[in-house]
Amino acid sequence: MLQRGIWQVVRVLSCLALIVGAVGCGAKSEQEVRLGVNAELTGSKPTVGDSCKKAMELLAEQINQQGGLKVGERQIPLKLFIEDNEDKAESAAAAAQKLISQNNVLAVIGPNASGNAIPAARICEDSGVIMISPWSTNPKTTEGKKYIFRACFIDDFQGQVMAKFARQHLKADTAAVLYDVASEYNKGIAEFFKQFFEADGGKVVAFASYTTGDKDFSSQLTTIKAAAPQVLFLPNYYNEVPLQVKQARNQGLSCAIIGSDSWGSQELLTLGGADLEGSFFSTHYAPDIATPKAQEFIKAYEAKYGKKPDDVAALTYDAGLLLCNAITQAGSLDRTKVRDTLAQVREFEGVTGKMTFKGGGDPVKSAVILQVQNGQFKYFASVQP
Amino acid sequence: MKKSNQASERGRLGGWYWTLGSLALLALAWLLPASGIMNLYLQQVLMYVGINIILTLSLNLVNGYMGEFSVGHAGFMAVGAYVAAILTVAVFPRAWGPVVFPLALIMGGLAAALAGLVVAFPSFRTRGDYLAIVTLAFNMIVKSILENINAVGGPRGYMGMSKLSNLVWVVFWVLVTLLVLRNVIYSNLGRGIIAIREDELAANLVSVNTPRLKIYAFCLSAFFAGVAGGLYAHLLQFINPRSFSILKSTDMLVMVYLGGIGSLAGSILGASLYTILMELLRPLELWRWVVGPLLLVLLMIFRPTGIMGLKEVRWLQPTASEETGWGKVARRS
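From first to last, the protein sequence lines stand for chains D and L.
For the first sequence, the numbering used here gives the first residue as -14, with consecutive numbering after it.
For the second sequence, the numbering used here gives the first residue as 11, with consecutive numbering after it.
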C-alpha cells in the first residue's frame, strides 16, 4: 500500500517535471528577444564598433526599462549578444555564424564597414536571419538578398548629393578629387561624384589618389593645383582629412573644400582647426536642428556615456528602432514575418530622419549638408532623394 | 632477411594507418555536418582551422625547413584566392561549380606557384633580413595591384562565388598538403632544403643545387598557400585586397612560430591552437589582444622554439621500409 503510494507520488512528480520542462523549454525562446550585435570593437575602426555597441546597449536599456518590447499581447525583454569582428572579413562571418548558430538570435545589427558587412550578410541570408547594417554604404551589401537591410543611404546617393551641391550651390564648373584608392568607401564615392558631376555639365579636372596611411600629399596636390579646380572633394576619413586640407592650404589652394559623411567626427575639428573653416560635407543628420526624437536620443546618450553620439551611434540606434518597430508591428518573433514587415516600412521616423523601404533592403532617406563654422558643425541644407 | 620482412611489414602497416586515418577523417568531415551534430558555427571555425593549417604548413617549409624569413605569405594566398574565384565565377559555367572546384583550386595554386618565382629568384642573391623585405614588398605589390584592377572590384572586393568550400574539401586539402610536404621533407629534396637552412655555403660545397631547391621550396609553398586562398574565397564568398594584408601574413608567422619551426605536427598544433584560442577569446573583446599576445610572449620565454620546435611526432616520420626503400632518407633522430 505504502509502496503504491510512493509510486503514485513519483509518477505525479515526474509528470509535473515533464510539463514544467516542456513549458520551460517552449517558453525559453519567447522569454526574450535575442538580438546580435556584430561590431568592429577592435581592429582599425574601434570608435565605430564602440559607438555601435553603446547605441544598442542604450536602446536595449530603454526598452527593458519599459518592461520590454511589445510583441502581440506580451512585453518581452531584449537580450543583446555582442560579438567583436576585429574589422576582418572572416571574423565578421564567424561572428555572424556564431550569433546565429550558438545564440539563436532573431536578427543581427552590424557589421558597419562594407568589407565586413558583405560576408556577414551572405551568412545571414543563407540562414534566413535578418541583418541590418547601420553604416555599410556599399550597394553590394544588400543587393540580391532578402533578409539584409541597412539604415543609411548608399554611396551613389551621397556622390550625387555632393556633385549636385558643388554644381548648383557652389556654382563650380571644375572640380578635383583626392581619394584613398585602397579603401572601398572612398573610392566608391569619388567615382560616383565624378560620374554625377560630369553628367551635370561640370568637369573633373584632377582625379588623384593615395593609399591608406600616406602622410604626404604634396605631389597629388601639386597636380591638383595646376589644374586650378573651383572645388576640391575629399571623400576621406576624419583622421586624414585635416592633414590633406592643411597641405592643400599651404600649397596655396584656396578653392572650396567639400567632403562626405566620413568627416562626421569631433576628431575632425580637433585636428583640422581653422583650415577647415567654411568647408561643407554631407552626412546623415544634423544635431543642431534635431527633431524631438533625435534630441531625446542625444540627451539620453550624453547622459549615459558623457559624450555626443556620432553618426554610427545614431544610425545604429535607428537600425535597432527599425527592427523593434517591425517586430511589434508583425506581432511575432517569426523571422520571415518580421522581415516582410520591415521591407514595407513607410515614413519611419528615426533619429537620422524619415526612412521608407520599398520592398528591398535600402531605405529612401534624405541627407543633410553641414558646414564647419567657428569650429563647430552647423546645419546648412537638407537634400531629398 | 627476417629483419627486412619485419620492416616491410611495418611499412605496409604504416601505409594502412595513413589510408584508414585519412578515410576516417574525411568520413567524419562529411558525417558530422550532414547528421546535424555539428552546427554551422563549429563547421565554420573548423574550416578556418583547416585553411590555417594549410597556410602554416606551407609557410613552415620556407621559414622552418629552409630557414628563410618570408613575411609575405598572404600575397600568395591572395593570388590563389583571386584566380580560383575568377575561374569559378567568370570562366566556368556556374552549374559546373562543384565539379570544377578542385580544378579551380589547383589552377589558383599554380598561379600562386608562378608568383612564387618572383620571390624565388631574388632569394638566390639575398638572404635573411633582405629577403624578408623582398617578401614584404611582394605582399604589398600584390595588394596594390588588386586594389587597382577594377575588373576584380578594386578595393571593394570580388564576389559572386558559390559556397563550394565545405569541411570535406578542407580536410582533403589538409591531408594532401601534409602528405606532400612530409614526403618532400623526408626525401632527398628535403634534406637539401634543410641543408640550406643549416649552412648554404656548405650545402653548395657538397653539391646541393641550392638555386633549384629554393625554386622548388618557394613554388611548393606558394602553391599550397594559393590552394588555401581558393578555399578561403569559396568559403566567405567574398574577397577583398584588405583581407590579404601584412596582418594576415603576420597571423601566419605567429602560427608557425607558436607551433614550432621545422615541424609538421607543430604547424598543425600551432594553427589549430591559435585559431581556436582566438575564437574562444572573442567575448573578451579588446582584452583578447592582451591575453592572446601575452600567451605568445610567455610561450616564447618558456619554449623559445615553439611548442614542437624541430621535433616531429612519430606518425609523421617515414617508416622503416620507406627508409630502406629510398635509401637516401635520413634516420629518425
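Backbone N, C-alpha and C define an ideal beta-carbon position, used for all residues, glycine too.
Note that this is a predicted model, so its numbers are computed, not measured.
Query raised in the report: For D72 of chain D, which of D:C240, D:E42, D:T32 has the nearest alpha-carbon?
Result: The residue you call residue 72 of chain D lines up with position 87 of the first sequence. Nearest in C-alpha terms to D72 of chain D, of all of D:C240, D:E42, D:T32, is D:T32.
Requested in this report: Could you give the DSSP three-state label for T428 of chain D: helix, strand or coil?
Outcome: Nothing can be reported for residue 428 of chain D: it is not among the residues displayed for chain D, which extend from -14 to 370.
Query raised in the report: Can you give the Cα-Cα distance for R59 of chain D and G52 of chain D, rounded to whole angstroms?
Result: As a position in the first sequence, residue 59 of chain D is number 74, starting the count at 1. As a position in the first sequence, residue 52 of chain D is number 67, starting the count at 1. Distance from the CA atom of R59 of chain D to the CA atom of G52 of chain D, rounded to whole angstroms, is 10 Å.
Query - Selection from D:A40, D:Y164, D:Q232 that minimises the alpha carbon distance to P294 of chain D - result: Taking the first sequence and counting its residues from 1, the one referred to as residue 294 of chain D is at position 309. Closest option to P294 of chain D, Cα to Cα, is D:A40.
Requested in this report: Hey, could you find the ends of the alpha helix (DSSP H) G280 of chain L is sitting in?
Outcome: The residue you call residue 280 of chain L lines up with position 270 of the second sequence. Boundaries of the alpha helix (DSSP H) around G280 of chain L: 274 to 290.
Query raised in the report: In chain order, which beta strand (DSSP E) runs of at least 3 residues are fully inside the segment 165 to 212 of chain D?
Result: 188 to 195
Query raised in the report: What are the residues of the segment 284 to 303 of chain D that lie near chain A, defined by any Cβ-Cβ distance shorter than 8 Å?
Result: You won't find chain A in this structure, because its protein chains are D and L.
Query - chain L contacts from the segment 152 to 179 of chain D (Cβ-Cβ distance under 7 Å) - result: V166, A167, S168, E169, K172, G173
**Report entry** Nonlocal neighbours in the same chain, by C-beta distance under 8 Å from T321 of chain D, ignoring five residues either side
**Finding:** Locating residue 321 of chain D in the first sequence gives position 336, counting from the first residue. For T321 of chain D, where only same-chain residues beyond five positions count, the Cβ hits under 8 Å are G113.
Requested in this report: Kindly list the residues whose CB is nearer than 6 Å to the CB of A130 of chain L, restricted to its own chain and excluding five residues on each side of it in sequence; keep chain order.
Outcome: Along the second sequence, one-based indexing puts residue 130 of chain L at 120. Excluding sequence neighbours, A130 of chain L sits near K224, I225, F228.
Query raised in the report: A12 of chain D to A92 of chain D, Cα distance in whole Å?
Result: Residue numbering aside, residue 12 of chain D sits at position 27 when the first sequence is read from its first letter. Residue numbering aside, residue 92 of chain D sits at position 107 when the first sequence is read from its first letter. Any reading at A12 of chain D needs caution, since the residue's pLDDT is 41, under 50, leaving its predicted position unreliable; the model's value is listed next. Each residue's Cα considered, the two are about 19 Å apart.
Query raised in the report: Using a Cβ-Cβ distance under 8 Å, would V55 of chain L count as near chain D?
Result: Start at 1 with the first residue of the second sequence, and residue 55 of chain L comes out as number 45. It does: the Cβ of V55 of chain L has a partner Cβ on chain D nearer than 8 Å.
Report task. Tell me whether K258 of chain L is buried or exposed, calling it buried when 16 or more other Cβ atoms sit within 10 Å of its Cβ. Result -> What you label residue 258 of chain L is simply residue 248 of the second sequence in a count that begins at 1. The residue is buried, with at least 16 neighbouring Cβ atoms inside 10 Å.
Query raised in the report: Would DSSP call Y196 of chain L helix, strand or coil?
Result: Taking the second sequence and counting its residues from 1, the one referred to as residue 196 of chain L is at position 186. In this structure, Y196 of chain L counts as coil in the three-state DSSP scheme.
Requested in this report: Please classify N224 of chain D: does DSSP put it in a helix, a strand, or coil?
Outcome: On the first sequence, residue 224 of chain D is found 239 positions in, with the first residue counted as 1. Of the three classes helix, strand and coil, the one that applies to N224 of chain D here is coil, per DSSP.
Requested in this report: Could you say which of D:L261, D:S76, D:L43 lies nearest to A304 of chain D if we only look at CA atoms?
Outcome: By one-based count along the first sequence, residue 304 of chain D stands at place 319. Taking the Cα of A304 of chain D as reference, the smallest distance to any Cα among D:L261, D:S76, D:L43 is reached at D:L43.
**Report entry** For G6 of chain D, three-class secondary structure by DSSP
**Finding:** Sequence index remark: in the first sequence, residue 6 of chain D carries index 21 (1-based). Residue confidence is low: G6 of chain D scores 41 on pLDDT, short of 50, so the model does not pin down where it sits. Its coordinate-derived value is still stated next. The answer is helix: DSSP assigns G6 of chain D an H, G or I state.
Report task. Under 7 Å Cβ to Cβ from A148 of chain D, same chain only, skipping five residues before and after it: list those, please. Result -> If you number the first sequence from 1, residue 148 of chain D lands on position 163. Excluding residues within five positions, the ones whose Cβ falls inside 7 Å are F178, F181, F182, D185.
Requested in this report: Give the single residue among D:W120, D:S267, D:N310, D:Y195 whose Cα lies nearest to the Cα of E334 of chain D.
Outcome: Within the first sequence, residue 334 of chain D is the residue found at index 349, counting from 1. Measuring from the Cα of E334 of chain D, the nearest candidate turns out to be D:N310.
Query raised in the report: Do G167 of chain L and G250 of chain L come within 8 Å of each other at the CB atom, strictly closer than that value?
Result: Reading the second sequence from its first residue, position 240 is the one you call residue 250 of chain L. Reading the second sequence from its first residue, position 157 is the one you call residue 167 of chain L. A small fix is needed here, since residue 250 of chain L is Asn in this sequence, not Gly. Cβ atoms of N250 of chain L and G167 of chain L: closer than 8 Å.
Query raised in the report: Are F248 of chain L and P272 of chain D close, meaning C-beta to C-beta below 8 Å?
Result: Mapped onto the second sequence, residue 248 of chain L falls at position 238. Mapped onto the first sequence, residue 272 of chain D falls at position 287. No, the pair does not count as a contact, with Cβ atoms beyond the cut-off.
**Report entry** Simplified DSSP state of D69 of chain D, which is helix, strand or coil
**Finding:** If you number the first sequence from 1, residue 69 of chain D lands on position 84. Of the three classes helix, strand and coil, the one that applies to D69 of chain D here is strand, per DSSP.
Report task. Express the C-alpha separation of V99 of chain L and S351 of chain D in angstroms, rounding to a whole number. Result -> As a position in the first sequence, residue 351 of chain D is number 366, starting the count at 1. As a position in the second sequence, residue 99 of chain L is number 89, starting the count at 1. Cα-Cα distance, rounded: 36 Å.
Query raised in the report: DSSP three-state call for S231 of chain L: helix, strand or coil?
Result: Here residue 231 of chain L refers to the residue found at position 221 of the second sequence. Helix.
Requested in this report: For G344 of chain D, collect the residues of the same chain with a Cβ closer than 6 Å to its Cβ; drop the 5 residues on either side in sequence, then sort them by chain order.
Outcome: Numbered from its first residue, the first sequence carries residue 344 of chain D at position 359. Within the same chain, G344 of chain D has close Cβ partners A328.
**Report entry** Endpoints, the alpha helix (DSSP H) within which F148 of chain L is located
**Finding:** What you label residue 148 of chain L is simply residue 138 of the second sequence in a count that begins at 1. Counting along the chain, the alpha helix (DSSP H) containing F148 of chain L begins and ends at 138 to 158.
**Report entry** Below-8 Å beta-carbon distance, R107 of chain D vs any chain L residue
**Finding:** Locating residue 107 of chain D in the first sequence gives position 122, where the first residue counts as 1. With 8 Å as the cut-off, R107 of chain D counts as an interface residue toward chain L.
Requested in this report: Starting from S86 of chain D, find everything on chain L with Cβ-Cβ shorter than 7 Å and list it in chain order.
Outcome: Here residue 86 of chain D is taken as the residue at index 101 of the first sequence, counted from 1. Correct list: N49, L50, Y51.
Query raised in the report: Just how far apart, CA to CA, sit G202 of chain L and A44 of chain L?
Result: The residue given as residue 202 of chain L occupies position 192 in the second sequence. The residue given as residue 44 of chain L occupies position 34 in the second sequence. Looking at the two C-alpha atoms, the distance is approximately 44 Å.
Requested in this report: Report yes or no: is there a C-beta of chain D within less than 8 Å of the C-beta of R207 of chain L?
Outcome: Translated into positions along the second sequence, residue 207 of chain L becomes position 197. No, R207 of chain L does not count as interfacial toward chain D.
Query - Among D:E225, D:G346, D:Y302, nearest to T127 of chain D - alpha-carbon criterion - result: The count along the first sequence starts at 1 and reaches residue 127 of chain D at position 142. Per the Cα distances, D:G346.
Query raised in the report: chain L beta carbons: is any one of them nearer than 8 Å to that of H269 of chain D?
Result: Indexing the first sequence from 1 puts residue 269 of chain D at position 284. It does not: the Cβ of H269 of chain D has no partner Cβ on chain L nearer than 8 Å.
Query - Straight-line gap, V353 of chain D to D201 of chain D (C-alpha atoms, nearest Å) - result: Position 368 of the first sequence, counting from 1, holds the residue named residue 353 of chain D. Position 216 of the first sequence, counting from 1, holds the residue named residue 201 of chain D. One C-alpha to the other measures close to 31 Å.
Query raised in the report: Is M262 of chain L close to chain D, meaning its C-beta is less than 8 Å from at least one C-beta of that chain?
Result: Your numbering for residue 262 of chain L matches position 252 in the second sequence. Residue-level contact by beta carbon fails for M262 of chain L and chain D, as no gap is shorter than 8 Å.
Query raised in the report: Given 8 Å as the limit, is there contact between the segment 71 to 86 of chain L and the segment 298 to 305 of chain L, that is, 3 or more CB pairs closer than that?
Result: no
Report task. Can you tell me which of the three DSSP states Q53 of chain L falls into? Result -> The residue labelled residue 53 of chain L in the question sits at position 43 within the second sequence. Correct three-state label for Q53 of chain L: helix.
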